[in-house]
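Trainee: Per my numbering, the very first residue in the sequence shown carries number 1230; after that it's consecutive. A virtual CB, placed ideally from N, CA and C, is assigned to each residue, including glycine.
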Amino acid sequence: MDFVIGIIGQAIQIYSWALIIYILMGWFPGARESAIGEFLGRICEPYLEPFRRFIPPLGMIDISPIVAFFVLRLATTGLLELGRMF
1230 MDFVIGIIGQ AIQIYSWALI IYILMGWFPG ARESAIGEFL GRICEPYLEP
1280 FRRFIPPLGM IDISPIVAFF VLRLATTGLL ELGRMF
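1) Report all residues from its chain with a CB closer than 6 angstroms to the CB of residue 1293; omit the five preceding and five following residues, and keep chain order.
2) Checking 8 angstroms against the spacing of the C-beta atoms, do residue 1238 and residue 1305 come in under that value?
3) Could you round the C-beta distance between residue 1272 and residue 1247 to whole angstroms and report it? I think they count as a contact, below 8 angstroms.
4) Use the C-beta contact count for residue 1269: other C-beta atoms within 10 angstroms, 16 or more gives buried, fewer gives exposed.
5) The alpha helix (DSSP H) with residue 1264 in it runs from where to where?
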């Protein structure tokens, strides 16, 4: 069970880094149109979309990726705690 929890935890960690990189790419013109940006968009946008639906942008600032990142971190912590219980 620890092995499976460890693999899932590592996958979430890698996804967290992909999410951070994708968010930062929005600050640079044309970065999201690159091959890496398009790949990250395909894997990050499905997760970010529900947050964008419920959290409107504040002027030019979109805080939904920040909330999405914190939810992912909370899920990771919950998964690790669940793994410790069993």
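Mentor: If we stick to the structure as given:
1) Taking the first residue of the sequence shown as position 1, residue 1293 is located at position 64. Excluding residues within five positions, the ones whose Cβ falls inside 6 angstroms are 1280, 1281, 1284.
2) Within the sequence shown, residue 1238 is the residue found at index 9, counting from 1. Within the sequence shown, residue 1305 is the residue found at index 76, counting from 1. Yes. Within cutoff.
3) For the purposes of this step, residue 1272 is identified with residue 43 of the sequence shown, where counting begins at 1. For the purposes of this step, residue 1247 is identified with residue 18 of the sequence shown, where counting begins at 1. So it is a contact: roughly 6 angstroms between Cβ atoms.
4) The residue labelled residue 1269 in the question sits at position 40 within the sequence shown. Looking at its Cβ environment, which holds 16 or more other Cβ atoms inside 10 Å, residue 1269 is buried.
5) The residue given as residue 1264 occupies position 35 in the sequence shown. Run containing residue 1264: 1264 to 1283, per the alpha helix (DSSP H) assignment.
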